[in-house]
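J.:
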Amino acid sequence: EAQVTQNPRYLITVTGKKLTVTCSQNMNHEYMSWYRQDPGLGLRQIYYSMNVEVTDKGDVPEGYKVSRKEKRNFPLILESPSPNQTSLYFCASSFRTPGNSPLHFGNGTRLTVT
Amino acid sequence: EDQVTQSPEALRLQEGESSSLNCSYTVSGLRGLFWYRQDPGKGPEFLFTLYSAGEEKEKERLKATLTKKESFLHITAPKPEDSATYLCAVGLENNRLAFGKGNQVVVIP
Numbered sequence: 748e749a750q751v752t753q754n755p756r757y758l759i760t761v762t763g764k765k766l767t768v769t770c771s772q773n774m775n776h777e778y779m780s781w782y783r784q785d786p787g788l789g790l791r792q793i794y795y796s797m798n799v800e801v802t803d804k805g806d807v808p809e810g811y812k813v814s815r816k817e818k819r820n821f822p823l824i825l826e827s828p829s830p831n832q833t834s835l836y837f838c839a840s841s842f843r844t845p846g847n848s849p850l851h852f853g854n855g856t857r858l859t860v861t
Numbered sequence: 175e176d177q178v179t180q181s182p183e184a185l186r187l188q189e190g191e192s193s194s195l196n197c198s199y200t201v202s203g204l205r206g207l208f209w210y211r212q213d214p215g216k217g218p219e220f221l222f223t224l225y226s227a228g229e230e231k232e233k234e235r236l237k238a239t240l241t242k243k244e245s246f247l248h249i250t251a252p253k254p255e256d257s258a259t260y261l262c263a264v265g266l267e268n269n270r271l272a273f274g275k276g277n278q279v280v281v282i283p
């Protein structure tokens with residue numbers, strides 16, 4: 748089944764404790780992206796990747812890191828999480844650039860930072 | 175600045191009561207317009223892509239249309255299972271996507 752898989756689904760952590768959210772897609776998509784979704788603010792892009800070893804900042808990249816060493820994986824790293832990073836996170840992928848082809852989303856990771 | 179505005183923010187419908195959701199956009203260049211459906215706690219699910227004014231797409235009780243300034247998602251004779259948040263996204267010339275904040279639809283049996 749074609750899908751984007753994120754793990755974990757739920758994560759509660761404390762301020763400053765490094766964490767990684769994994770994302771994997773099995774559709775051989777070139778483009779991958781991370782979004783956060785907050786009430787009243789909608790979906791905001793954190794980082795994106797056009798292909799292996801190519802990453803770029805989205806609209807809200809501060810406090811996040813990403814890497815794209817393999818085509819299928821695009822982990823999101825929070826080196827020192829803070830409470831304002833409490834949010835619902837989505838990984839997404841598309842065959843081509845997102846302006847031309849639809850995004851496929853994972854089921855989300857709900858992160859709470861205390 | 176590229177902007178995507180969805181209205182109404184929230185809508186309550188009786189089962190069978192048809193209605194329309196609006197997505198208006200002000201962007202420098204439109205690549206494509208996308209509609210997604212999002213259920214609570216889940217990732218958005220792709221519904222339609224529209225590329226040019228006058229284009230229409232249909233799927234079951236949903237029909238999406240596009241003009242030069244806006245798109246409509248028409249819901250015909252909705253059922254409770256159509257309750258969801260519907261997201262509109264505009265593909266831009268810089269290969270980015272601009273999302274609206276969504277239309278939250280509740281269909282009452």
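These protein sequence lines are chains X and H, in that order.
In my numbering, each residue carries its 1-based index in the first sequence increased by 747.
In my numbering, each residue carries its 1-based index in the second sequence increased by 174.
Ideal Cβ placement from N, Cα and C applies to all residues, glycine included.
So D785 of chain X is in the beta strand (DSSP E); what residue range does that whole segment cover?
T.: 778-785
J.: For the beta strand (DSSP E) containing N196 of chain H, list its first residue and its last residue.
T.: 193-200
J.: Who are the near neighbours of S245 of chain H in its chain, counting only those whose CB is closer than 7 Å to its CB and skipping five residues on each side?
T.: C197, L207, L224, A238, T239, C262
J.: Do N820 of chain X and S780 of chain X have their C-beta atoms closer together than 7 Å?
T.: no
J.: Would you kindly work out how many angstroms separate the C-alpha atoms of L221 of chain H and K818 of chain X, rounded to a whole number?
T.: 25 Å
J.: Below 7 Å on C-beta distance, what does V754 of chain X contact in chain H?
T.: Correcting the residue type first, residue 754 of chain X is Asn in the shown sequence and not Val. Neighbours of N754 of chain X on chain H: none; closest Cβ ~13 Å, over 7 Å.
J.: Against chain X, which members of the stretch 254-277 of chain H pass a CB distance test of less than 9 Å?
T.: For the stretch 254-277 of chain H, which is checked against every Cβ of chain X, the residues closer than 9 Å are L261, A263, V264, G265, L266, E267, N268, N269, R270, L271, F273, G274, K275, G276.
J.: Looking only at C-alpha atoms, which of H:Q177, H:E219, H:L266, H:L185 sits nearest to H293 of chain H?
T.: Examination of residue 293 of chain H is not possible in this model, given that chain H is present from 175 through 283 alone.
J.: Would Y778 of chain X and T844 of chain X be called neighbours here (beta carbons separated by less than 7 Å)?
T.: T844 of chain X is positioned such that its CB atom lies closer than 7 Å to that of Y778 of chain X.
J.: Beta carbons nearer than 7 Å to chain H: which residues of the stretch 832-847 of chain X have them?
T.: F837, T844, P845, G846, N847
J.: State the Cα-Cα distance for the pair Y199 of chain H and I793 of chain X, rounded to the nearest angstrom.
T.: 22 Å
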